[in-house]
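Under our numbering, the final residue of the sequence shown carries the number 498; numbering is consecutive throughout. Virtual Cβ for every residue (Gly too), placed ideally from N, Cα, C.
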Amino acid sequence: DQHRAHALSYRGDPNVFTPNIDNLAREGMRFDYAVSGAPWCSPFRGALLTGTYPHQNGVTQTPSPLDPAIPTVAIPFNDAGYHTAYVGKWHVDGSNARENCVPPERRGNFQYWMGYENNNNQNECYVYGSEGETPRRLDGYETDSLTTLFLDHLADHVGGEEDYQPFFAVLSVQPPHSPFVPPTNPDRGAPRIHPSDIQLRCNVPVVPRIRERAALDHAGYYAMVENLDYNVGRIRMALKDMGVDRETYVIFFSDHGDMLWSHAQTGKSSPWEESIRIPFIIGKVGGGANMNTGSTDAVINHVDIAPTTLGLCGIPVPEGMVGHDYSGHCISSNAAEFKGKPNRNAEPDSAYLQQIPRKMHSHTVNKAWRAVVMRDGWKYACTPSNDWLLFNTADDPYEQANYVYNRAFQKEKERCHERLAQWIEDTGDDFELPDIRLE
């Protein structure tokens, strides 16, 4: 949760060391242009589970409940004979309270479910579900403890059998979501970098109080990311020990990023790169069988994750899912599920982003907005009354040149505006765009 795409050593961030995620990236397919189409916890998760946009499934803000009548990705996996399991943060039952217990009928049709609705205390995590409905406190740091719970369940399920039931298993951890409280074990991601040594992004304002707070937040954040990487390493090793590493796809991603004081903003829910760009990797441990490697410029979005996951396993995508199946980028021509090379013309040329209600948190955008991210790097965002942002992230990755009112870029603005209008129409959104015609 809240892990931005830039915060990985293979992406060139000098403040963090993530060897296990780096290995997964080297052995698999990197979607380096992946975006969070709804950079807020619950709306992203609703889209993730259903393959539909927030205004289509009703999960438009945090907190917001997902209607249990809406089919989730677990159902086609269940129907295909898979064991389905979910461990960790849920946050689509309409509550921010840690004490809220998600009833069984609201757990997305997963056969095994052990988790919680929401938690903002990494050292005090309570879970409940298939192993008992009374919340029990996990020992130690949340990411470590949830990973142990997840791996113990997988080990029990596989059980050393060669003909084990195939599984679709989800591990959802809150860190590196704020508060930026890292673990204390030096072998598991304890703070390694002092705030004074943090190298801030160039779009963090040169204002002493902002940079001081930013350095402090970054130090805790990066320690939490390194702890996450440590647990990715545990998962990789466990899959090897179970003997299922070469036939198991591992998909690593987050729900959104964190501004961490870039453009003087914090948290998420804004259309800048630090908020919307997420890590997204599909791989197999050691490369595995029939796995393509490399990177793609496909602009994979939240609604595409469920269809892509089903596509990896050769399971038909339900008609109700509106996202695109990008599995063709990952599956080699030797695989039974291979459907031919990806048809780039059939893929979306862009991704649609939404902040549906205005968010009233401090240090973030307090207006509703819609945005489009084009495959060629252009990004355009509007509020209900104004054309707001126009960036070419291909040559301006820190988004320091806003061209939205620069007449030299009117054609690019009109192109992006037309595409955004088409997304709004195609998805049935009711957002009203401003008139951008020149007088």
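Residue i versus residue j: straight-line alpha-carbon distance, rounded
i    : j    : result
A430 : A214 : 43 Å
N499 : T202 : As shown, the chain starts at 60 and ends at 498. That puts residue 499 outside it, with no answer to give.
L319 : D138 : 42 Å
H388 : R166 : 31 Å
N15  : R268 : Missing from the structure shown is residue 15; the chain here goes from 60 to 498 and no further.
K470 : Q181 : 48 Å
I364 : P238 : 27 Å
D72  : H236 : 18 Å
D408 : F227 : 29 Å
L125 : E164 : 11 Å
Y439 : D356 : 18 Å
I495 : A460 : 19 Å
T423 : E332 : 14 Å
D256 : N402 : 46 Å
E458 : L449 : 9 Å
H277 : G140 : 43 Å
N116 : V151 : 11 Å
G379 : Q170 : 21 Å
T367 : F136 : 13 Å
D288 : K472 : 39 Å
S328 : G353 : 30 Å
G279 : Q233 : 14 Å
F209 : L230 : 7 Å
E183 : Q324 : 28 Å
A133 : P377 : 11 Å
G370 : R466 : 43 Å
G346 : E86  : 5 Å
Extent of the continuous beta strand (DSSP E) to which residue i belongs
i    : result
T109 : Run containing T109: none in the beta strand (DSSP E); it sits in the alpha helix (DSSP H), 100-109.
F227 : 226-231
F311 : 309-312
A144 : 142-148
A410 : 409-414
W172 : 171-175
Beta-carbon separation (whole angstroms), residue i vs residue j, contact threshold 8 Å
i    : j    : result
C441 : P493 : 6 Å
G326 : H420 : 6 Å
E176 : W149 : 5 Å
A410 : N360 : 4 Å
V432 : V358 : 6 Å
G110 : V362 : 5 Å
V463 : D435 : Actually they do not touch by this definition, with Cβ atoms about 17 Å apart.
P113 : N155 : The pair is not a contact, with the Cβ atoms about 17 Å apart (cut-off 8 Å).
E306 : A273 : Incorrect: roughly 43 Å between the Cβ atoms, too far for contact.
S189 : L197 : The pair is not a contact, with the Cβ atoms about 15 Å apart (cut-off 8 Å).
V344 : K299 : 6 Å
P241 : A297 : Actually they do not touch by this definition, with Cβ atoms about 23 Å apart.
T131 : N168 : 6 Å
S321 : R270 : Contact flag wrong, Cβ pair sits at about 11 Å.
Opening and closing residue of the alpha helix (DSSP H) in which residue i lies
i    : result
P267 : 267-301
E192 : Careful: E192 lies outside any alpha helix (DSSP H), inside the beta strand (DSSP E) at 191-196.
F209 : 201-217
H114 : 113-116
Same chain, Cβ closer than 6 Å to residue i, five either side skipped, listed in chain order
i    : result
E292 : First, the residue type needs correcting, since residue 292 is Gly and not Glu in the sequence shown. The answer, listed in chain order, is N79.
N351 : M88, C389, S391
I483 : F490
P194 : Y185, Y187
A84  : Y69, I340
G382 : G110, V362, D363, P366
S386 : T367, G370, L371
Residues of its chain near residue i, where Cβ-Cβ distance is below 7 Å and the 5 sequence neighbours each way are ignored
i    : result
S68  : V75, F76, T77, D81
G302 : none
F103 : S95, A97, D314, H315, H361
V161 : W149, D152, E176
Q258 : P73, N74
Own chain, CB closer than 8 Å to residue i, minus 5 neighbours either side, in chain order
i    : result
A427 : Q414, I415, P416, R417, T442, P443, F490
I337 : H62, R63, A64, A93, V94, S95, F312, S313, D314, H315, G316
I294 : T206, F209, L210, L230, V309
Residue i CB to nearest heavy atom of the ligand MN below 8 Å
i    : result
A278 : Absent from the structure shown: the ligand MN. Ligands present: none.
- Message: Report the start-end ranges of each beta strand (DSSP E) in the segment 434-473 that is 3 residues or longer and not cut off at the edges.
- Response: Taking only runs of at least 3 residues, the beta strand (DSSP E) segments lying wholly in the segment 434-473 are 437-441, 446-451.
- Length-filtered (4 minimum) alpha helix (DSSP H) runs lying within the segment 74-102: Given a length threshold of 4 residues, each whole run of the alpha helix (DSSP H) inside the segment 74-102 is given here in chain order: 78-86.
- Message: As an exercise, report each continuous alpha helix (DSSP H) stretch of at least 4 residues that is fully enclosed by the segment 329-378, in chain order.
- Response: Counting only runs of 4 or more, we get 332-335, 361-371.
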